[in-house]
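K.L.:
If you count the sequence shown from 1, you need to add 1 to reach our numbering.
From the three backbone atoms N, C-alpha and C, an ideal C-beta is built for every residue, glycine too.
For clarity, every value in this text was computed on a predicted model and none was experimentally measured.
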Amino acid sequence: MSKLVESPAWHALKFHHAAIETIHMRQMFQGDPMRFDKFSLKLGNLLFDYSKNRINDQTVKLLIDLAEQARVPVWIERMFNGEKINSTEQRAALHTALRNRSDRPVLLDGKDVMPDVRRVLGLMRSFSDAVRNGKYLGHTGMPITDIVNIGIGGSDLGPLMVCEALKPHASQNLRAHFVSNIDGTHLTETLKKLDAATTLFIVSSKTFTTQETLTNASSARAWLVEKLDAKTDDEQAVAKHFAAISTNLAATSKFGINPHNVFEFWDWVGGRYSLWSAIGLPIALYVGMDIFEELLDGGYAMDEHFRSAPLDMNIPVLMGLLGIWYGNFFGAGANAVFPYDQYLYRFPAYLQQLEMESNGKRVDRDGNPVDYDTGMSVWGEPGTNGQHAFYQLIHQGTRMIPADFLAPLHSHNPLGEHHAILLANCYAQTEALMLGKTIEEARAELEAQGLHGEALEALLPHKVFPGNKPTNTLIFDKLDPHTLGMLIALYEHKVFVQSVVWNINPFDQWGVELGKQLAGNILPELRDVTFTSRHDASTNGLVDYYQKHR
Ligand code: G6Q
2 MSKLVESPAW
12 HALKFHHAAI
22 ETIHMRQMFQ
32 GDPMRFDKFS
42 LKLGNLLFDY
52 SKNRINDQTV
62 KLLIDLAEQA
72 RVPVWIERMF
82 NGEKINSTEQ
92 RAALHTALRN
102 RSDRPVLLDG
112 KDVMPDVRRV
122 LGLMRSFSDA
132 VRNGKYLGHT
142 GMPITDIVNI
152 GIGGSDLGPL
162 MVCEALKPHA
172 SQNLRAHFVS
182 NIDGTHLTET
192 LKKLDAATTL
202 FIVSSKTFTT
212 QETLTNASSA
222 RAWLVEKLDA
232 KTDDEQAVAK
242 HFAAISTNLA
252 ATSKFGINPH
262 NVFEFWDWVG
272 GRYSLWSAIG
282 LPIALYVGMD
292 IFEELLDGGY
302 AMDEHFRSAP
312 LDMNIPVLMG
322 LLGIWYGNFF
332 GAGANAVFPY
342 DQYLYRFPAY
352 LQQLEMESNG
362 KRVDRDGNPV
372 DYDTGMSVWG
382 EPGTNGQHAF
392 YQLIHQGTRM
402 IPADFLAPLH
412 SHNPLGEHHA
422 ILLANCYAQT
432 EALMLGKTIE
442 EARAELEAQG
452 LHGEALEALL
462 PHKVFPGNKP
472 TNTLIFDKLD
482 PHTLGMLIAL
492 YEHKVFVQSV
502 VWNINPFDQW
512 GVELGKQLAG
522 NILPELRDVT
532 FTSRHDASTN
542 GLVDYYQKHR
């Protein structure tokens, strides 16, 4: 057995779990009128209510013991101080330096990275200002009206999610589009709406080797040159209509991108942690650099909290530990996220990558297979849509699915009673998930509806809700850039805390890298009819089927 599973803090939690498993949260709330005050925290305008969890004082104490045993505070400092904690790639994980709004230096191999960070932020400002105020002109002398980000994974999900979330701040004169999928449909459908003369493509790729992104970028380039009838001076057209964000400056120049339009970032920024870097350029273009910097401020505020708050008052630490409590002790395999804010509709997809790519690991930092579960699957949809679909399984299914509910007090779009109804639904769901409906309550309800005898008894079990389903609720004033920055950094740090306890590296992604190799093996076989397949029978059969029916 691993050290973690044999450790005193783990044992204590296992023992405690056996005792608390049978206690219903109804009882916990009845027995402690101060439960909300005790189990909620405020940071700026963010309220974190974790009282609807299957915990008591002792649980929190034991979970904090687990964090201390794993030396979470030491690891936090390691990360912020630029140690190469991404050990399989020999890299630091310094996304926090990108939003370091203090004048503290951040040293990497003895060199302060902050001057470079500030330099690139300055370049992003001048470029985004010029595009937004119409001074930056395309090949035919027209200002830019549409930007198209071409990138995938970490070079797509973050900027896309943030642009959608900050739409109320967007320029009326600039539309943002995102093309990620290699499926030609994605690019084709996007281009249909665009005028090449007023379109700027941003090729976002940390490595600038990603097949999907480079293929999409090449096709976009061909479209641009054709539409602008610029075959003879295609280099000039590309120079005006393409920008790039990458760590691989040699490759961006080979593609023909004007060096003035290339924005750099560094290998110490992981893809899924990169929206704070130049990868955020589409955000700066769409909402303006001032708003982008407010997002950074929000991330920084959460960083300061994470670094300085005691563990038992530390929101990312508590959220991470609660995930471990359910994943490792109650056997939960999924974590749902429900934003009751339409602007956050891509937040669950963004978190899916953040959590599942970071903590989807089967060996510990020393390469030993773990004998405990690690990352959970993450999914969700904006409220109230999810309520009319899959909430059923959470209410009455057999599995425990802890869920996070996020909601603003104020809407950007006050419209009659809409927002009050939205919030009422959010609160009502967490209440119902916690309370459930007892057999007595269900019986009384059915009787009140005039049902009796056999008919009532037949329906009764279907109308019972066990409740005792854990939820966190995050309430904020309004979805502004600062709050969004806090929320994103909160989840990043939650994921980090869990990785520390599980003793895994959250900053590599060998499973994702594998996908990049695999398609390369099969592509030549699809291109060439004479190629002999050398795979398993199923894959050979599928290749042959394509060859025969193409
Ligand atoms: C993120 C992952 C992955 C990556 C994409 C795109 O953490 O590593 O999602 O972002 O594969 O990679 P490039 O930015 O190098 O094109």
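Tell me whether serine 206, by its Cβ, gets closer than 7 Å to a heavy atom of ligand 1.
P.N.:
Yes, Cβ of serine 206 sits closer than 7 Å to a heavy atom of ligand 1.
K.L.:
Is it the case that the CB of glutamine 510 approaches a heavy atom of ligand 1 more closely than 7 Å?
P.N.:
Checking every heavy atom of ligand 1 against the Cβ of glutamine 510, one is found closer than 7 Å.
K.L.:
Where do the N-terminal and C-terminal ends of the beta strand (DSSP E) with isoleucine 476 fall, by residue?
P.N.:
Residues 472-477.
K.L.:
Using 8 Å as the threshold, is the C-beta distance between leucine 47 and tryptophan 11 below it?
P.N.:
No, Cβ-Cβ distance for leucine 47 and tryptophan 11 is not below 8 Å.
K.L.:
In the DSSP assignment, find the unbroken alpha helix (DSSP H) run with threonine 253 in it and report its ends.
P.N.:
Taken as a continuous stretch (DSSP letters only), the alpha helix (DSSP H) holding threonine 253 covers 250-256.
K.L.:
When you compare only the Cα positions, how much space is there between phenylalanine 307 and phenylalanine 339?
P.N.:
Going by the C-alpha atoms only, they are around 23 Å apart.
K.L.:
State whether the region 100-110 contacts the region 526-544, with contact taken as three or more CB pairs (one from each stretch) at a distance under 8 Å.
P.N.:
Short answer: they don't touch.
K.L.:
Give me whichever residues DSSP pairs with alanine 408 in a beta bridge.
P.N.:
Beta-bridge pairing links alanine 408 to Ile476.
K.L.:
Cutting at 7 Å between CB atoms, please list the residues of its own chain near threonine 253, excluding the five before and the five after it.
P.N.:
If we look at threonine 253 and ignore the five residues flanking it on each side, its Cβ neighbours are Phe209, Ala245, Ser247, Val263.
K.L.:
Can you tell me where the alpha helix (DSSP H) holding leucine 491 begins and where it ends?
P.N.:
Unbroken alpha helix (DSSP H) run through leucine 491: 482-503.
K.L.:
Going by the C-beta, is threonine 216 closer than 7 Å to any heavy atom of ligand 1?
P.N.:
Flag unset: Cβ of threonine 216 not near ligand 1.
K.L.:
Sorry if obvious, but does the Cβ on arginine 126 come closer than 7 Å to a heavy atom of ligand 1?
P.N.:
Incorrect: arginine 126 has no Cβ contact closer than 7 Å to ligand 1.
K.L.:
Look at the alpha carbon of glutamate 418 and the alpha carbon of leucine 124, and state the distance between them as a whole number of angstroms.
P.N.:
Using only the alpha carbons, I get a separation of about 44 Å.
K.L.:
Measure the C-alpha to C-alpha separation of alanine 94 and glutamate 84 and round it to an integer number of angstroms.
P.N.:
Cα-Cα distance, rounded: 8 Å.
K.L.:
Using the Cβ count rule (16 or more neighbours within 10 Å means buried), how would you classify aspartate 157?
P.N.:
Buried, because 16 or more other Cβ atoms sit within 10 Å of the Cβ of aspartate 157.
K.L.:
So threonine 199 packs on glycine 159, CB below 8 Å; how close in whole Å?
P.N.:
Contact doesn't hold; Cβ gap of about 26 Å is too wide.
K.L.:
I'd like to confirm the pairing. Which residues does DSSP put opposite leucine 1 in its beta bridges?
P.N.:
Given that the chain is displayed from residue 2 to residue 551, the structure contains no residue 1 and the question cannot be resolved.
K.L.:
By the DSSP assignment, the beta strand (DSSP E) with tryptophan 380 in it spans what residues?
P.N.:
Unbroken beta strand (DSSP E) run through tryptophan 380: 378-380.
K.L.:
If you draw a straight line from the C-alpha of tyrosine 547 to the C-alpha of serine 539, how long is it?
P.N.:
Tyrosine 547 and serine 539: Cα-Cα distance of roughly 12 Å.
K.L.:
So the alpha helix (DSSP H) asparagine 426 belongs to, where does it begin and stop?
P.N.:
Note, asparagine 426: alpha helix (DSSP H), 419-436.
K.L.:
Tell me the DSSP secondary structure of asparagine 217 in three-state form.
P.N.:
The answer is helix: DSSP assigns asparagine 217 an H, G or I state.
K.L.:
Give the DSSP bridge partners of histidine 12, in chain order.
P.N.:
Per DSSP, none; premise fails for histidine 12.
K.L.:
Please classify isoleucine 24 as buried or exposed, where buried requires at least 16 other C-beta atoms within 10 Å of its C-beta.
P.N.:
Burial call: exposed.
K.L.:
Would you tell me roughly how many angstroms separate the C-alpha atoms of leucine 201 and phenylalanine 243, rounded to the nearest one?
P.N.:
Spanning the two alpha carbons is a distance of roughly 6 Å.
K.L.:
Where alanine 285 and arginine 120 are concerned, what is the direct C-alpha to C-alpha distance, given to the nearest angstrom?
P.N.:
If I take the Cα positions, the gap works out to 15 Å.
K.L.:
Is it the case that the CB of glutamate 358 approaches a heavy atom of ligand 1 more closely than 7 Å?
P.N.:
Indeed, a heavy atom of ligand 1 lies less than 7 Å from the Cβ.
K.L.:
Report the CB separation of tyrosine 346 from leucine 407 in whole angstroms; it is logged as a contact under 8 Å.
P.N.:
With 8 Å as the limit, tyrosine 346 and leucine 407 do not qualify as a contact, their Cβ atoms being about 12 Å apart.
K.L.:
Would you identify the three-state DSSP class for isoleucine 77, choosing helix, strand or coil?
P.N.:
Isoleucine 77: helix per DSSP, three-state reduction.
K.L.:
Around the Cβ of arginine 55, are there at least 16 other Cβ atoms within 10 angstroms (buried) or fewer (exposed)?
P.N.:
So arginine 55 counts as buried.
K.L.:
Go through its chain and collect everything with a Cβ distance to lysine 207's Cβ below 6 Å, but skip five positions before and after it.
P.N.:
For lysine 207, where only same-chain residues beyond five positions count, the Cβ hits under 6 Å are Thr248, Gly272.
K.L.:
Do glycine 155 and glutamine 353 have their CB atoms nearer than 8 Å?
P.N.:
No, the Cβ-Cβ distance between glycine 155 and glutamine 353 is not below 8 Å.
K.L.:
In the structure shown, what three-state DSSP assignment does leucine 42 receive?
P.N.:
Correct three-state label for leucine 42: strand.
K.L.:
Inspect the CB distances between the region 180-192 and the region 300-316 and report whether three or more fall short of 8 Å.
P.N.:
No, the region 180-192 does not touch the region 300-316.
K.L.:
Please classify valine 530: does DSSP put it in a helix, a strand, or coil?
P.N.:
In this structure, valine 530 counts as coil in the three-state DSSP scheme.
K.L.:
Pull up the CB-CB distance for valine 498 and leucine 322, whole angstroms please, since I reckon it's below 8 Å.
P.N.:
With a Cβ gap of about 7 Å, valine 498 and leucine 322 count as contacting.
K.L.:
Proline 507 and valine 496 look like a contact to me (Cβ under 8 Å); what is the Cβ gap, rounded to whole Å?
P.N.:
Their Cβ separation, rounded to whole angstroms, is 6 Å, which keeps proline 507 and valine 496 in contact under 8 Å.
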